[in-house]
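Each number in this note's numbering corresponds to the 1-based position in the sequence shown with 36 added. Take a look at the structure set out below.
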Amino acid sequence: MRMEMAQAVAAIRPSDTLAVPLGPGVPGGFMHALGERDDFTDLQIFGALMPDLYQVFVRSGVHYRSGFFGPAERFLRDSGASIDFVPADFRRFEPVLHHLEPRVMATAAALPVDGWVSLSLHAGASVSELHMAGADPSRVLLVEVSEKFPRTYGLGPDHMHRLHVDEIDILVETDRAPFVIEELPPTAAEIAIAEYAAHYVHDGSTLQTGIGGIPNQVAKMLAMGPNGDFGVHSEMFTTGLMHLHKAGKVSNRKGGAFDGISVTTFAGGTPELYSWLNENHDVRFLPVRMVNSPEYIARNRSMVTLNGALAIDLAGQVVADTISGKQFSGIGGHEDFVSGPSLSADGRSLICLPATSTINGELVSRILPKLPSGSVVSTPRHQVDVIITEFGVAELQGRTIRERSIALAHVAHPDVRDDLLAVAQEWPQD
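Given below as structure tokens:
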């Protein structure tokens, strides 16, 4: 049923449960309009990685349960808003949502065509729950559509990445545009790390990249380089992966379950990316339980994954989503795309991070003798394959405890390398 925004906002009860997808799937116009109300007594909102600041989250009686922190979530937490982090990796949020069973499911989408609404830039963990909400008379399915959101596709017959208008209880049209992630100039450290990482990619490799300067720089290098015949199997589809396609480097001869197409579960990048994705059958959006399945990842030919980290200790334990135990980002698909390649004979998992950070004017090593008390490990040591900094490559897979720690010390900043090597040399053999 088509409604004006005021009617859609009025459909939310003062005490209610509402869930929205992460990032590009957030219905931004609706969320901003919801913030104009101040009569909430217990509105529980479940979401992740909000692309904007919405006033509703600072309203009395509103509590936000987030599965992934971004700048908006960190700002809300630091400003005293009622917000909590829900630990789970991305694909496990599908059963989490099913357990929560929010009364209202809301999402952004493209304009209806022939009675169908494309879910545009996000499939993720919410697709099944969107359909279930639409089929349940006691629940509400709310969809915000805009001509500025691209029409994208899934994979038939079971995962078409769309909703029929008959499923939708409330349909509102806005002129909202997708959130833009600009391509920033890479730092010297990012360029150096990308050069090391690119050596692991050869003709026929299947790629997963995420957000940030390092994966974007790797994609640019590959787009301009001599190699090709690449496949794409990536949780996030980025502007860099678009450049690979446009350079004619993607054949998607992956040999796995999704041969012939690039698969992803959400997309984020520049306006050029969103225009390119519109009506593009070369890229297919599938639920995160499929895209992030380690078994599916492992079936791809020569899978190479690129992930980031905030810190790592000499044992190889990775901290990717917290700083001193305080939530910084989220778990996402980190462990899935670290563990997946190791299930195949020719897959490689690269974890890339600058060797240092500058905190209060002081250079601090990201490679540590041991993690500080209270640290939260994102990925355990036994999953880790390759660590790359601007100072080199540490191959960990198949190495002993002492060999791993020495390799990690060698890619640390020169100012701390000798101290780390001294610790590594004393590491017990068992």
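Backbone N, C-alpha and C define an ideal beta-carbon position, used for all residues, glycine too. Small disclaimer: the values here were computed from a predicted structure and weren't measured.
Tell me, please, which residues DSSP counts as bridged to residue i.
i	result
residue 320	189 and 299
residue 52	79
residue 428	425
residue 120	101
residue 387	343 and 423
residue 348	354 and 403
residue 378	Note: residue 378 sits in no beta bridge, so no partner.
residue 392	401
residue 362	359
residue 38	207
residue 84	58
residue 286	266
residue 305	216
residue 436	Bridge partners of residue 436: none, in fact.
Output the distance between the C-alpha atoms of residue i and residue j, rounded to the nearest integer angstrom.
i	j	result
residue 209	residue 180	6 Å
residue 385	residue 439	18 Å
residue 512	residue 289	With the chain covering 37 to 466 only, the question about residue 512 has no answer from this structure.
residue 125	residue 329	11 Å
residue 437	residue 402	19 Å
residue 404	residue 457	11 Å
residue 449	residue 430	13 Å
residue 263	residue 237	8 Å
residue 85	residue 427	32 Å
residue 119	residue 78	13 Å
residue 44	residue 37	10 Å
residue 190	residue 134	22 Å
residue 91	residue 359	27 Å
residue 89	residue 311	25 Å
residue 298	residue 280	11 Å
residue 400	residue 249	20 Å
residue 67	residue 212	11 Å
residue 423	residue 383	15 Å
residue 421	residue 452	23 Å
residue 69	residue 165	23 Å
residue 315	residue 188	6 Å
residue 116	residue 100	12 Å
residue 82	residue 199	21 Å
residue 232	residue 391	14 Å
residue 266	residue 56	33 Å
residue 184	residue 146	7 Å
residue 446	residue 454	9 Å
residue 373	residue 172	35 Å
residue 75	residue 50	6 Å
residue 470	residue 128	Look at the range of the chain in this structure, 37 to 466, and you will see that residue 470 is not part of it.
residue 169	residue 139	8 Å
residue 61	residue 157	6 Å
According to the neighbour-count rule (16 or more other Cβ atoms, all chains shown, within 10 Å of its Cβ), is residue i buried or exposed?
i	result
residue 65	buried
residue 461	exposed
residue 220	exposed
residue 406	exposed
residue 337	buried
residue 142	buried
residue 217	buried
residue 131	exposed
residue 42	exposed
residue 396	exposed
residue 331	exposed
residue 394	exposed
residue 349	buried
residue 276	buried
residue 174	exposed
residue 340	buried
residue 186	buried
Original post:
Is the region 371-389 close to the region 278-294, with three or more CB pairs under 8 Å?
Top reply: no
**OP:** Decide if the region 151-163 is in contact with the region 321-341; the criterion is three or more beta carbon pairs, one per stretch, under 8 Å apart.
**Re:** yes
Original post:
Is it a yes or a no for the region 148-156 touching the region 188-207, going by three-plus beta-carbon pairs under 8 Å?
Top reply: yes
**OP:** Could you tell me whether the region 95-108 touches the region 231-246, where touching means 3 or more Cβ pairs closer than 8 Å?
**Re:** no
Original post:
Considering only residues of the region 193-277, which uninterrupted beta strand (DSSP E) runs meet the minimum length of 3 residues and lie entirely inside it, listed in chain order?
Top reply: 198-200, 206-209 and 242-244
Original post:
Where are the beta strand (DSSP E) runs, 3 residues long or more, that stay fully inside the region 138-182, in chain order?
Top reply: 140-146, 152-154 and 176-182
Original post:
Are the region 176-192 and the region 225-234 touching, with three or more C-beta to C-beta distances below 8 Å?
Top reply: no
Subject >> Meets three-Cβ-pair contact criterion under 8 Å: the region 303-320 and the region 410-427 >> reply: no
Original post:
Would the region 101-119 and the region 354-373 be scored as touching if the rule is three or more Cβ pairs under 8 Å?
Top reply: yes
Subject >> contact_flag[the region 263-281, the region 297-313] where n(CB pairs < 8 Å) is 3 or more >> reply: yes
Original post:
Given 8 Å as the limit, is there contact between the region 351-359 and the region 247-261, that is, 3 or more CB pairs closer than that?
Top reply: no
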